[in-house]
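Student:
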Amino acid sequence: MRKSCSGQVLRVDNSLKASLGDKILNSFEPQHYGTFGGLPTRILYVFVGLAPLILFITGFVMWWDRKRKQKDDYSHKRSYIN
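Be aware that the sequence shown starts at 0, since it is given in numbering that gives the first Met the number 0, and climbs by one per residue.
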């Protein structure tokens with residue numbers, strides 16, 4: 000059998016009387032969801048979230064350019080030898 004949901008309040012937590020551990024854990028929730036600091040903080044979170052992608056792309060481009068230049072250097076040296 001399934002119990003019906005009555006909307007009855009099961010528990011009320013008073014944050015003023017919470018233990019130190021609960022206060023510390025409760026302080027992480029706004030940071031996790033980005034609900035503190037308003038719009039500027041959310042915009043900052045977007046840039047911080049995109050930073051790994053940007054670093055990956057720029058690193059790949061630098062690696063590809065270095066690889067291409069090394070290939071050009073070897074072909075250039077071969078033409079002098081032959």
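Where is the CB? At the ideal position from N, CA and C, for every residue including glycine.
Tell me the DSSP secondary structure of A50 in three-state form.
Tutor: A50: helix per DSSP, three-state reduction.
Student: What residue does the alpha helix (DSSP H) around Q30 start on, and which one ends it?
Tutor: Unbroken alpha helix (DSSP H) run through Q30: L19 to Y32.
Student: So what's S14 in DSSP terms, helix, strand or just coil?
Tutor: In the structure shown, S14 sits in a helix (DSSP, three-state: H, G or I).
Student: May I ask you to report which of helix, strand or coil DSSP gives F35?
Tutor: Here F35 sits in coil by DSSP.
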